[in-house]
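Reviewing the structure listed below.
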Amino acid sequence: MPLVRDLFPLAFDKHAALQDVRMATMRYHDARVEVGTACRKRHDRRGSMSRLEAASANFLRNTTIIAR
Numbered sequence: 010m011p012l013v014r015d016l017f018p019l020a021f022d023k024h025a026a027l028q029d030v031r032m033a034t035m036r037y038h039d040a041r042v043e044v045g046t047a048c049r050k051r052h053d054r055r056g057s058m059s060r061l062e063a064a065s066a067n068f069l070r071n072t073t074i075i076a077r
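So this is what it looks like as structure tokens:
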């Protein structure tokens, strides 16, 4: 007896892709909140971004393009 996944492979692939996008979106949001908090703390102290924060912001921009 064939499995449902064998009968409807495209439906399962689409579902898996949507799950991947949801996970990427959640990771992006969490990272963005984290970087935003770090930037605010940093800004309160010195007023400029550190190299790590700049790299994190750059990573987030690249991740956004992939998630779309």
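This note's numbering puts the first residue of the sequence shown at 10, with every later residue one more than the last. Ideal placement from N, C-alpha and C gives every residue a C-beta, glycine not left out. No experiment lies behind these values; they were computed from the predicted model shown.
Residue i versus the options, residue with shortest Cα-Cα distance
i: residue 44; options: 22, 34 and 63; result: 63
Residue i versus residue j - alpha carbon distance
i: residue 70; j: residue 30; result: 15 Å
i: residue 38; j: residue 68; result: 12 Å
i: residue 23; j: residue 60; result: 38 Å
i: residue 36; j: residue 28; result: 12 Å
Cβ-based neighbour list, residue i, same chain, cut-off 7 Å, excluding 5 preceding and 5 following
i: residue 66; result: 44
i: residue 47; result: 62
Sequence-distant residues of the same chain with beta carbon closer than 8 Å to residue i, five excluded per side
i: residue 40; result: 65, 68, 69 and 72
i: residue 42; result: none
Residue i: CB within 7 Å of a non-hydrogen atom of the ligand FAD
i: residue 61; result: Although the ligand FAD was asked about, the structure shown includes no ligands whatsoever.
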